[in-house]
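Q: Heads up: the sequence shown begins at 804 in our numbering, then just goes up one per residue.
Here a beta-carbon is modelled for each residue, glycine too, at the ideal position from N, C-alpha and C.
My questions all concern the structure below.
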Amino acid sequence: MKCRHIQITCSSGVSNVYVREGLLSHAAKFIQQKKAVIITDDNVAKLYLGDLLRSLEARGISAHPISIGVGESVKSLKTVERIYAFLHECKIKRSDCIISLGGGVAGDIAGFVAATYMRGIALAHIPTTIIAQADSSIGGKCGVNYNGIKNLIGIFYQPNLVLIDTGVLKTLSKRDFNSGMAEVIKYAALFDKEMFFALETAPYDLEEIIYKCCKLKAILVEIDEFDKRERHILNFGHTFGHGIEAASNNELTHGEAVAIGMVIASRLAEKYFFASKGTTDRLKRLLMKFSLPTSTKLDIMPHIEFDKKAEGEHINIIALKEIGRVMSISLPLDELKAFCCEVMNELCE
Ligand SMILES: NC(=O)c1ccc[n+]([C@@H]2O[C@H](COP(=O)([O-])OP(=O)(O)OC[C@H]3O[C@@H](n4cnc5c(N)ncnc54)[C@H](O)[C@@H]3O)[C@@H](O)[C@H]2O)c1
């Protein structure tokens, strides 16, 4: 079947990414193993597990599903341990594979399990949210939260296969759809002013936009697989975003927190580092079009200090020089705190 295709070459081999509406019911054609464990969440299982099981069974692949619950709180070592026990019970071998079917939470957990069970078994992602399709299923970052800190325990482990069926996005709640659009807007704001304009003016082709985000991420992953330099750009909105997500006790979704984080970083650059005037207002308008928040009164600083990105006394912030152009700011923690408090108060006015 004809699909959009991206090949990502990494140290462990090649990841193949296919994008096409309706791909889920043809998933088995892309799977080479004879036995698979499917890691999914309770909501997605009700909607899409049946389609995937039918496809696998029709090709003689023996499939064993496990559902992990729902939400950020299940991204934990406890869930990982439960899955290890299930894999053991199902007698999963290194020649079998793990399939994630779900959003970023299922994908991050499945990746961690695949990387560590028997020192690594094959991994396929079937992402079902915009965040997972446009971002998290690509690039091999996986892990779990620990002691209230996002993604504290993790590893890089590249999927062999990513199957993106944009048709499944139609069942997302409005809130999850909009949260995902925050990550899409991040890619557009950082790299692609035409995409940004398309989102501003609508109608836009969501499948084309997701494919473009995947291609942009694939380029960065090939250049900097282990997130040591260039890939840091994708942290735009996340240094503050992770702090906001934690400060809100996960009341805000990942995408909502990233939306606020992008606005703070952008305003900071505009106010103190000569970024182009009007950039933040344009970013805010687009985020608001997708009902995303652009400010918060939460006290995020204690959470940023403990974020693993706080190296020594300096923090690197990715921001926008203008729409489509990136800049990086390095600030001592104390200065960042002072600037940030000022910017956040202004944004709340
Ligand atoms: N690994 C990475 O590079 C990376 C990048 C960005 C985000 N993330 C992680 O991703 C997570 C956020 O991802 P998310 O927003 O996908 O969260 P999620 O997996 O919790 O999904 C959000 C909600 O959507 C539901 N859902 C999923 N697909 C659906 C569908 N097709 N129809 C109806 N409902 C559906 C889920 O059940 C859940 O309630 C965070 O943990 C974040 O840290 C990881």
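1) So is MET804 buried or exposed if we call it buried at 16+ other beta carbons inside 10 Å?
2) Can you name the start and end residues of the beta strand (DSSP E) that ALA927 belongs to?
3) At a threshold of 7 Å, does GLU875 count as lining ligand 1 (C-beta to nearest heavy atom)?
4) Considering only C-alpha positions, which residue in the set VAL817, VAL847, THR1097 and PHE999 is nearest to ILE941?
5) Quick one, are the C-beta atoms of ASP911 and GLY872 less than 8 Å apart?
6) Judging by CA-CA distance, which residue of LEU1002, PHE994, THR1097 and GLU997 is the nearest neighbour of PHE1043?
7) Which class does GLN961 belong to by DSSP, given the choice of helix, strand or coil?
8) Can ILE934 be considered in contact with ligand 1, in the sense that its beta carbon sits closer than 7 Å to one or more heavy atoms?
9) Following the continuous alpha helix (DSSP H) through THR1082, name the residue where it begins and the one where it ends.
10) LEU975 to GLU1025, Cα distance in whole Å?
11) CA-CA distance, ALA927 and GLY914?
12) Determine the DSSP secondary structure at LYS953, reduced to helix, strand or coil.
13) Do the CB positions of TYR1014 and VAL877 come within less than 8 Å of each other?
14) Between ASN981 and ligand 1, is there a pair consisting of the residue's CB and a ligand heavy atom that are separated by less than 7 Å?
15) Examine ligand 1 and report whether any of its heavy atoms sits within less than 7 Å of the Cβ of VAL971.
16) Are the Cβ atoms of LEU1023 and ILE1012 separated by less than 8 Å?
17) Select from ILE967, LYS838 and SER870 the residue whose C-alpha is nearest the C-alpha of LYS849.
18) DSSP three-state label for ALA1078, please.
19) HIS1057: beta carbon under 7 Å from a heavy atom of ligand 1?
20) DSSP on GLY1046, reduced to helix/strand/coil?
21) With a cut-off of 8 Å, do at least 3 Cβ pairs link the region 1055 to 1068 to the region 976 to 993?
22) Looking only at its chain, what residues have a beta carbon closer than 6 Å to the beta carbon of LEU1150, apart from the 5 residues adjacent to it on each side?
23) Considering TYR821, what are the terminal residues of the beta strand (DSSP E) in which it resides?
24) Compute the distance between the beta-carbons of ASP938 and LYS837, then report whether it is under 8 Å.
25) Roughly how many angstroms lie between the CA atoms of LYS997 and TYR1007, to the nearest whole one?
26) Is any heavy atom of ligand 1 found at a distance shorter than 7 Å from the C-beta of SER903?
27) Can you determine whether any heavy atom of ligand 1 sits closer than 7 Å to the C-beta of ALA830, and answer yes or no?
28) Please report the distance separating the alpha-carbon of ASP1137 from that of ASN1052.
29) If LEU827 sits next to ILE929, beta carbons under 8 Å apart, how far is it from one beta carbon to the other, in whole angstroms?
30) Would you say the beta carbon of ALA1021 comes nearer than 7 Å to a heavy atom of ligand 1?
31) Quick check: what's the CA-CA separation for ILE886 versus GLU1003?
32) Please confirm whether any heavy atom of ligand 1 lies closer than 7 Å to the CB of VAL908.
33) When you measure from the CB of THR974 to every non-hydrogen atom of ligand 1, does any distance come out below 7 Å?
34) Counting only the same chain and skipping the five closest in sequence on each side, list residues whose C-beta sits under 8 Å from that of ASP995.
35) Buried or exposed for ASP1084, going by 16 or more other Cβ atoms inside 10 Å?
A: In brief:
1) Taking the sequence shown and counting its residues from 1, one reaches residue 804 at position 1. Exposed: under 16 other Cβ atoms inside 10 Å.
2) For the purposes of this step, residue 927 is identified with residue 124 of the sequence shown, where counting begins at 1. Membership of ALA927 in the beta strand (DSSP E) is indicated by the continuous run 925 to 930.
3) As a first step, residue 875 must be located in the sequence shown, where it is residue number 72. True, at least one ligand heavy atom lies under 7 Å from that Cβ.
4) Here the question's residue 941 lines up with position 138 in the sequence shown. Cα-wise, what sits closest to ILE941 is VAL817.
5) The sequence position of residue 911 within the sequence shown is 108, counting from 1. The sequence position of residue 872 within the sequence shown is 69, counting from 1. It is not a contact, given that the beta carbons lie outside the stated cut-off.
6) As a working mapping, residue 1043 is identified with position 240 in the sequence shown. Considering only alpha carbons, the answer is THR1097.
7) In the sequence shown, the residue the question calls residue 961 occupies position 158. It is coil, neither helix nor strand.
8) One-based indexing of the sequence shown puts residue 934 at position 131. With a cutoff of 7 Å, ILE934 counts as near ligand 1, since its C-beta is closer than that to a heavy atom of the ligand.
9) Residue mapping note: residue 1082 aligns to position 279 of the sequence shown, counting from 1. Following the DSSP letters along the chain, one finds THR1082 inside the alpha helix (DSSP H) bounded by residues 1082 to 1092.
10) The residue given as residue 975 occupies position 172 in the sequence shown. The residue given as residue 1025 occupies position 222 in the sequence shown. Annotation: LEU975 to GLU1025 spans about 30 Å, alpha carbon to alpha carbon.
11) Counting from one through the sequence shown, the residue named residue 927 turns up at place 124. Counting from one through the sequence shown, the residue named residue 914 turns up at place 111. Approximately 9 Å, taken between the alpha carbons.
12) As a first step, residue 953 must be located in the sequence shown, where it is residue number 150. Under the three-state reduction of DSSP, LYS953 is assigned to strand.
13) In the sequence shown, residue 1014 corresponds to position 211, counting from 1. In the sequence shown, residue 877 corresponds to position 74, counting from 1. The beta carbons of TYR1014 and VAL877 sit no closer together than 8 Å.
14) The count along the sequence shown starts at 1 and reaches residue 981 at position 178. No, the Cβ of ASN981 stays beyond 7 Å of every heavy atom of ligand 1.
15) Numbered from its first residue, the sequence shown carries residue 971 at position 168. Yes, the beta carbon of VAL971 sits closer than 7 Å to at least one heavy atom of ligand 1.
16) The residue given as residue 1023 occupies position 220 in the sequence shown. The residue given as residue 1012 occupies position 209 in the sequence shown. No, the pair does not count as a contact, with Cβ atoms beyond the cut-off.
17) Position 46 of the sequence shown, counting from 1, holds the residue named residue 849. Per the Cα distances, SER870.
18) As a first step, residue 1078 is located in the sequence shown; it is residue number 275 there, counting from the start. Coil, per DSSP.
19) Here residue 1057 is taken as the residue at index 254 of the sequence shown, counted from 1. True, at least one ligand heavy atom lies under 7 Å from that Cβ.
20) In the sequence shown, residue 1046 corresponds to position 243, counting from 1. GLY1046 falls in the helix class under three-state DSSP.
21) Put simply, the region 1055 to 1068 touches the region 976 to 993. At least three CB pairs are less than 8 Å apart.
22) Indexing the sequence shown from 1 puts residue 1150 at position 347. SER1098.
23) The count along the sequence shown starts at 1 and reaches residue 821 at position 18. Looking at the DSSP string, the run of the beta strand (DSSP E) that includes TYR821 is 816 to 822.
24) Taking the sequence shown and counting its residues from 1, one reaches residue 938 at position 135. Taking the sequence shown and counting its residues from 1, one reaches residue 837 at position 34. Not closer than 8 Å, so no.
25) Residue mapping note: residue 997 aligns to position 194 of the sequence shown, counting from 1. Residue mapping note: residue 1007 aligns to position 204 of the sequence shown, counting from 1. With the sequence shown as reference, residue 997 is identified as Glu, and Lys is not the correct amino acid for it. About 11 Å.
26) Taking the first residue of the sequence shown as 1, we reach residue 903 at position 100. Outside the cutoff, so no.
27) One-based indexing of the sequence shown puts residue 830 at position 27. Checking every heavy atom of ligand 1 against the Cβ of ALA830, none is found closer than 7 Å.
28) Position 334 of the sequence shown, counted from the first residue, corresponds to residue 1137. Position 249 of the sequence shown, counted from the first residue, corresponds to residue 1052. The alpha-carbon atoms of ASP1137 and ASN1052 are separated by roughly 24 Å.
29) Residue 827 sits at position 24 when you count from the first residue of the sequence shown. Residue 929 sits at position 126 when you count from the first residue of the sequence shown. The Cβ separation is near 7 Å, so the contact holds.
30) Numbered from its first residue, the sequence shown carries residue 1021 at position 218. No heavy atom of ligand 1 is found nearer than 7 Å to the CB of ALA1021.
31) As a position in the sequence shown, residue 886 is number 83, starting the count at 1. As a position in the sequence shown, residue 1003 is number 200, starting the count at 1. Each residue's Cα considered, the two are about 42 Å apart.
32) Within the sequence shown, residue 908 is the residue found at index 105, counting from 1. Because some heavy atom of ligand 1 lies under 7 Å away, the Cβ of VAL908 counts as near it: yes.
33) On the sequence shown, residue 974 is found 171 positions in, with the first residue counted as 1. Answer for THR974: yes, Cβ within range of ligand 1.
34) Counted from its first residue, the sequence shown places residue 995 at position 192. Setting aside the 5 residues that flank it on each side, ASP995 is surrounded in the same chain by LYS1015, LEU1019 and GLY1127, each with a C-beta closer than 8 Å to its C-beta; the list follows chain order.
35) As a first step, residue 1084 is located in the sequence shown; it is residue number 281 there, counting from the start. Around the CB of ASP1084, fewer than 16 other CB atoms lie within 10 Å, so the residue is classed as exposed.
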